[in-house]
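Per my numbering, the very first residue in the sequence shown carries number 1; after that it's consecutive.
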Amino acid sequence: MSMIGEYLRVTPGDLDRAVRDPGWALDFADEVQDAEDEPGPSPAAARHFSTYKTWALLGFLPARAGFPVNVVHGGEPLAGDQDWGYGPPRCLRAERVRLAARTLRATGYDRLVSGVDPADLTKAEVYPLIWDEPGALEWGRPWYEDLTRFFEAAAEAGDAMLVWLD
Numbered sequence: 001m002s003m004i005g006e007y008l009r010v011t012p013g014d015l016d017r018a019v020r021d022p023g024w025a026l027d028f029a030d031e032v033q034d035a036e037d038e039p040g041p042s043p044a045a046a047r048h049f050s051t052y053k054t055w056a057l058l059g060f061l062p063a064r065a066g067f068p069v070n071v072v073h074g075g076e077p078l079a080g081d082q083d084w085g086y087g088p089p090r091c092l093r094a095e096r097v098r099l100a101a102r103t104l105r106a107t108g109y110d111r112l113v114s115g116v117d118p119a120d121l122t123k124a125e126v127y128p129l130i131w132d133e134p135g136a137l138e139w140g141r142p143w144y145e146d147l148t149r150f151f152e153a154a155a156e157a158g159d160a161m162l163v164w165l166d
């Protein structure tokens with residue numbers, strides 16, 4: 001079984017409801033995921049997005065670059081004891097989504113991987129441990145670009161986000 005990074009765009013009102021009722025949020029996330037089943041809409045049109053196994057790389061590289069928003073482990077946790085796979089979901093309020101979208105776009109993948117030695121990823125145990133393979137850093141590029149588009153669309157709509165590992 002793999003760990004997969006998951007994102008759900010929600011309106012600020014839906015986020016408030018999710019904070020009050022995490023059980024509702026889980027049901028809502030399942031409904032959206034089912035409605036957008038493969039191949040699903042483009043990242044800019046989707047309400048749900050998965051980074052699949054690139055979640056750890058997409059957490060490591062922005063943290064290394066000093067991003068002001070943790071785009072993988074989100075912001076504040078939802079209340080209660082909900083476990084959506086590998087712990088509780090976290091939420092990014094609309095203003096944090098806007099900041100993340102601007103930072104993702106302004107940084108770009110080339111700048112993010114500049115000076116990164118794949119051996120550092122192995123040493124840091126960044127999942128999955130594939131960093132000794134040729135071109136392994138390029139594996140994250142399309143996921144980063146799609147995540148950027150997803151965040152930009154959410155920011156443009158004024159949406160908040162739920163973030164979790166499944």
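Just so you know, even glycine gets a beta-carbon here, dropped at the ideal spot from N, CA and C.
N-terminal and C-terminal residue of the beta strand (DSSP E) that residue i is part of
{"i": "Val113", "result": "Not the beta strand (DSSP E): Val113 falls in the alpha helix (DSSP H), residues 109 to 113."}
Proximity below 8 Å, CB of residue i to CB of residue j
{"i": "Leu78", "j": "Val19", "result": "yes"}
{"i": "Trp164", "j": "Pro43", "result": "no"}
{"i": "Ala154", "j": "Val97", "result": "yes"}
{"i": "Leu129", "j": "Ala29", "result": "no"}
{"i": "Arg166", "j": "Trp84", "result": "Note that residue 166 is Asp in the sequence shown here, rather than Arg. Cβ atoms of Asp166 and Trp84: closer than 8 Å."}
{"i": "Thr112", "j": "Leu147", "result": "With the sequence shown as reference, residue 112 is identified as Leu, and Thr is not the correct amino acid for it. Not closer than 8 Å, so no."}
{"i": "Ala94", "j": "Pro12", "result": "yes"}
Option in the options with minimal Cα separation from residue i
{"i": "Pro134", "options": "Asp117, Ala46, Gly158, Gln82", "result": "Asp117"}
{"i": "Tyr144", "options": "Asp81, Leu15, Gly108", "result": "Gly108"}
{"i": "Gln33", "options": "Asp21, Trp131, Phe49", "result": "Phe49"}
{"i": "Tyr52", "options": "Tyr127, Glu95, Arg105", "result": "Tyr127"}
{"i": "Ala119", "options": "Arg149, Trp131, Val113", "result": "Trp131"}
{"i": "Asp81", "options": "Ala63, Val10, Gly23", "result": "Gly23"}
{"i": "Ala100", "options": "Asp110, His73, Ala124", "result": "His73"}
{"i": "Arg102", "options": "Val69, Ser114, Glu125", "result": "Val69"}
{"i": "Gly75", "options": "Leu15, Lys123, Ala35", "result": "Leu15"}
{"i": "Asp110", "options": "Gly87, Pro142, Arg149", "result": "Pro142"}
Residue span of the alpha helix (DSSP H) that contains residue i, given as start and end
{"i": "Leu57", "result": "55 to 65"}
{"i": "Asp27", "result": "22 to 35"}
{"i": "Tyr144", "result": "141 to 157"}
{"i": "Ala119", "result": "118 to 123"}
Paired residues, beta bridge with residue i - DSSP
{"i": "Val167", "result": "Residue coverage of the chain in this structure runs from 1 to 166, which leaves residue 167 outside it and unanswerable."}
{"i": "Gly7", "result": "For clarity, residue 7 is Tyr in the given sequence; the question names Gly instead. According to DSSP, Tyr7 bridges with Phe49, Val163."}
{"i": "Pro77", "result": "Arg90"}
Using 8 Å as the Cβ pair cut-off and three pairs as the minimum, do the segment 43 to 60 and the segment 1 to 11 touch?
yes
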